Amino acid sequence: MMTTRLRFRQTPILMVFLVPVFLALPLRASDLPPAAQKALYEAGQAMEKGDHATAEEILTLFRQNQADVPHHLVEFALGNALAMQGRPKDALPHYRRCTELEPGYAPAWQNLGKTALDLGDHLQAGQGLARTYELGGGTDHDLLFNSCLAFVLAGSPQEALSGLERLTSGAVGKPKIQWMEILLKVHLDLGQEKKAIITLERMLADDGDNADLWKLLAQIRIRQNEYRKSLAAWEIYAGLGRPSPEELVLMGDLYMALGVPAKAAHNFAQALEHKQCPRLREKLVEAHLASRDPAKAASSARLFIDLTPTSRLWLTLGRALFEQGEYDEALLAFEQSGRLDPKDGKAHIMRGHCALRLKNREAAMAALEQARRFPAQRDQAVALLRIAATL
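Those letters in the sequence shown? Residues -9 to 381, per the working numbering, in order.
This is the structure:
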């Protein structure tokens, strides 16, 4: 069975900015120890002038001199000084240390998430941004989505699930299409196909002309053994664009499985217009025969045998001729089928049937003796041999 991957709209992580020092520091000087206040003030002045290296020196010296009195804002500011010099790998431990010293300090979590994102550490980025969202009161929904997307990029879809379910629940307003797309991907990554169907149907309610969504729905329905619903989705998909030959064949196979061979034949014929394939020719002839149209099956089989004479084509031609009462020609077709595939007993048992209809005892006995060598045909061949013996 074919599989496809839904082509999601490009969904980059939205811009996440570093929280600068002057926005994150306390407004009251009394909130800081004097030495820390002085170091942060001087570092802040240097950073406002763009002299991030000097800010780094000031803060590093303070940390060395005050190692026994760590302060989360010093770690935060030093992380910023390093990040602004294009050194995210050096900045990250300071943001992490800041969150350890003050777990409720949201700017540090945001800068931790942003820096981890720059370094490609998507799991840590997701954790940092998710914590920022929580500390911010759960109102910045783009931030929550970014954290979920980071978890997905980290290969941790389970971590993203609860956030995406909140975003798409309607509790925070009408879900954005990007949110729904990533939720769908998470459902599929986690093997939650029934939930994926629900999400797809919600998406299709707003985007009913999206052929990719219909195709994905059709494929999931097949895996859920919901063949009729799958075909309904395939038909809508086909109506929205130009299905590939492989997709037309799949639709034809489904119609055959559901006992609608005429529709199957239509799809196989369409596929043959774009892809000449011996097996596809066999499928078309078999569909015509299953549609109770032996004349069309016979004419198609003869045409295709001229192109590629396969055992199955000869076998189906023989059956079509048999149904029309043309037992002489049917017997010859079954003989050809048996020669091309000596390991298949069906052609021999059908030769026996033809010979019996023609009252040809010798031909019937010979065909049925061959047929009973095959386990699948043995019982029937033995029974027919008794009849042939009476001719």
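Don't be surprised by glycine CBs; every beta carbon is placed ideally from N, CA and C.
Quantities reported herein were computed from a predicted structural model and do not represent experimental measurements.
Assigned exposure category for residue i - 16 Cβ within 10 Å defines buried
i	result
Ser159	exposed
Pro233	buried
Ala373	exposed
Asp111	buried
Leu381	exposed
Thr122	buried
Asn70	buried
Gln367	buried
Pro78	buried
Arg211	buried
Ala19	Only weak support is given to the placement of Ala19: the predicted model assigns it a pLDDT of 43, under 50, and the value that follows is read from those uncertain coordinates. With fewer than 16 other Cβ atoms within 10 Å, it is exposed.
Gly103	buried
Ala26	buried
Thr42	Reading off the sequence, residue 42 comes out as His, not Thr. His42 should be labelled buried.
Pro251	buried
Ile48	buried
Gln209	buried
Arg376	exposed
Arg363	exposed
Leu406	Residue 406 lies beyond the stretch modelled for the chain, which goes from -9 to 381, so this question has no answer here.
Gln266	exposed
Asn215	exposed
Leu51	exposed
Pro365	exposed
Arg341	buried
Gly40	exposed
Gly335	buried
Gly76	exposed
Phe12	Note that Phe12 scores 46 on pLDDT, short of 50, meaning its location in the model is unreliable; the coordinates nonetheless yield the value given after this. Under this definition Phe12 is an exposed residue.
Lys184	exposed
Gly231	exposed
Arg86	buried
Pro24	exposed
Lys349	exposed
Ala33	buried
His84	buried
Among the options, nearest to residue i - alpha-carbon criterion
i	options	result
Leu109	Leu322, Leu82, Leu374	Leu82
Thr298	Pro268, Asp197, Leu248	Pro268
Ser146	Leu180, Gln27, Leu190, Ser220	Leu180
Arg302	Gly163, Asp41, Arg271	Arg271
Glu149	Ala247, Gly163, Pro165, Gln114	Gln114
Gln117	Gly127, Thr129, Leu133	Leu133
Ile172	Asn136, Leu230, Ala36	Asn136
Gly242	Leu230, Gly231, Ala259	Ala259
Pro165	Leu30, Thr189, Lys349, Leu322	Thr189
Ile226	Val239, Asp199, Gln214, Pro235	Asp199
Leu91	Gly103, Leu63, Gly127	Leu63
Leu22	Gln35, Gly40, His61	His61
Thr129	Arg156, Leu151, Lys104	Arg156
Asn101	Glu46, Gly126, Ala73	Ala73
Val275	Leu307, Gly163, Gln370, Cys344	Leu307
Ala310	Asp334, Cys344, Arg192	Cys344
Ala222	Val239, Glu236, Tyr245	Tyr245
Leu240	Pro284, Lys219, Arg53, Ala254	Ala254
Lys333	Met355, Arg351, Gly315, Gln360	Gln360
Gln182	Val162, Leu194, Leu151, Lys28	Leu151
Leu238	His256, Glu65, Ala378	His256
Gly249	Arg192, Gly315, Leu279	Leu279
Phe324	Lys349, Leu358, Arg351	Leu358
His338	Ala371, Leu194, Asp202, Ala277	Ala371
Glu316	Glu65, Arg347, Met193	Arg347
Thr105	Trp304, Ala378, Phe66, Arg218	Phe66
Interface flag, residue i vs chain D, CB-CB below 8 Å
i	result
Ala354	Of the protein chains in this structure there is only one, and it is not chain D.
**OP:** Flag this pair as touching only if the stretch 170 to 189 and the stretch 138 to 154 have three or more C-beta atom pairs under 8 Å; answer yes or no.
**Re:** yes
**OP:** Answer yes if the stretch 44 to 57 comes into contact with the stretch 87 to 95, meaning at least three C-beta pairs across the two stretches below 8 Å, and no otherwise.
**Re:** no
Subject >> alpha helix (DSSP H) runs contained entirely in the stretch 320 to 378, provided each spans 4 or more residues >> reply: 336 to 347, 351 to 361, 368 to 378
**OP:** Jot down the residue ranges of each uninterrupted alpha helix (DSSP H) in the stretch 188 to 227, minimum 4 residues, whole runs only, in chain order.
**Re:** 201 to 213
Subject >> Cβ pair count under 8 Å reaching 3, the stretch 286 to 297 against the stretch 328 to 340 >> reply: no
Subject >> alpha helix (DSSP H) runs contained entirely in the stretch 13 to 59, provided each spans 4 or more residues >> reply: Segments of the alpha helix (DSSP H) lying fully in the stretch 13 to 59: 24 to 38, 42 to 55.
Original post:
Could you give the uninterrupted runs of the alpha helix (DSSP H) lying entirely in the stretch 230 to 284, keeping only those of 4 residues or more?
Top reply: Counting only runs of 4 or more, we get 235 to 247, 251 to 262, 268 to 280.
Subject >> Every unbroken alpha helix (DSSP H) within the stretch 106 to 159, with a cutoff of 4 residues, ordered by chain >> reply: 112 to 125, 131 to 143, 147 to 157
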